[in-house]
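Take the sequence shown: its position 160, counting from 1, is numbered 160 in the UniProt record's numbering, and each next residue is one higher.
C-beta: ideal position from N, C-alpha, C; glycine also.
All of these numbers come straight from a predicted model, not from anything done at the bench.
Data block below; observations after.
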Amino acid sequence: MRKNRTYSLLVAGSLLLFIGGLFCLPGEITVSNNVYGKELPIQSVETEEKKAVLTFECAWDHSSIKDILEILEDHNVRAAFFVTGDWVKQYPEDVRRIVQGGHDIGNHSATHRNMVQLEKEEIEKELKETHQAVKELTGKEMKFFRPPYGAFNDTVILTAKEGGYLTVMGNIDSMDWKDYGAKTILRTVMEDKELQGGSIIRLNSEAKYTKEALPKLIESLEREGFRLVPLSQLLYQEAYHLDVKGRQIPDDR
């Protein structure tokens, strides 16, 4: 009887190990932005190196873009710029300068509408219009998308994915659009508890104090050991999943 009982316990234990193993098979290759049934944008990236990305949204004005590009060049920093289709049409030379400067360029919709309020076909049109405009102007195929106003839902993210885009937001918001001053921008970013390796920092190219804050922001980040890289050198393009905070994690970790 004792022998049979021991055997039964061994079988039961083996079954539990087997069932548990079904949910943690090593080396499984997946690309998933779905967390608990909800699609999420990429907010940051799990990385062994202390890397971060400066991202700029370009939707309205262009009066500061030349200065921003010069500051980045002076500090030997490459960043990412999310442009709307309207901005591309209005300021084609600035778009060319962004690409020629070695920066990543991403899709920020055509007309800066709230994507959540649009039908799938309208979202597709917004993405395609900007994609085509940038491709014709620079020859570049964009891979990254940031929805206007940070507004997204499953339809927005899945439609972008079908179009070949990774939806990227950012875990650090500089709040530069509030126009509180350069020191406030610097403090907002550097004192954010979420600032870490793999952070994606959100800035607006047309905000009043962004270009004034930018040199000190770059210097402060580098002083803290961050290496500032373009988005394409931070994001995983395949074999990844997201955690509940939208942190991109490679499947082999």
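When only Cα atoms are considered, residue 120 and residue 154 end up about 11 Å apart. For residue 176, the number of other beta carbons within 10 angstroms of its own is at least 16, and it is reported as buried. Two segments are said to touch when three or more pairs of C-beta atoms, one from each, lie closer than 8 Å; by this definition the region 179-190 touches the region 205-214. Given a length threshold of 4 residues, each whole run of the alpha helix (DSSP H) inside the region 26-95 is given here in chain order: 65-74, 85-90. The continuous alpha helix (DSSP H) containing residue 131 extends over residues 120-138.
For the 8 Å CB-CB criterion, residue 85 and residue 169 do not form a contact. Residue ranges of uninterrupted alpha helix (DSSP H) with 4 or more members, entirely inside the region 150-227 and ordered along the chain, are 154-162, 182-190, 210-223. Where residue 251 is concerned, there is no enclosing beta strand (DSSP E), because DSSP gives it neither an H nor an E. Residue 81 sits away from residue 204, with the two beta carbons spaced by 8 Å or more. The shortest CA-to-CA distance from residue 217 to any of 34, 191, 126, 230 is the one to 191. When secondary structure is reduced to three states using DSSP, residue 242 falls in the strand class. Around residue 91, the same chain offers 62 as residues with beta carbons nearer than 7 Å, after the five sequence neighbours per side are excluded.
Beta-bridge analysis with DSSP links residue 106 to 82. Note that the region 38-47 touches the region 232-250; at least 3 beta-carbon pairs, one per stretch, sit closer than 8 Å. Taking the Cα positions, residue 102 is about 12 Å away from residue 233. Here the alpha carbons of residue 87 and residue 178 stand approximately 21 Å from one another.
CA-CA distance, residue 160 to residue 70, rounds to 31 Å. With respect to the 8 Å criterion, residue 107 and residue 127 are classified as neighbours on the basis of their beta carbons. If you ignore the 5 residues before and after residue 148, its C-beta comes within less than 6 Å of the C-beta of 109, 112, all in its own chain and listed in chain order. Put simply, of 239, 37, 94, 49 the residue whose alpha carbon is nearest the alpha carbon of residue 227 is 49. Residue 166 is not a Cβ neighbour of residue 152, given a cutoff of 8 Å. With 16 or more neighbouring CB atoms inside 10 Å of its own CB, residue 94 falls in the buried class.
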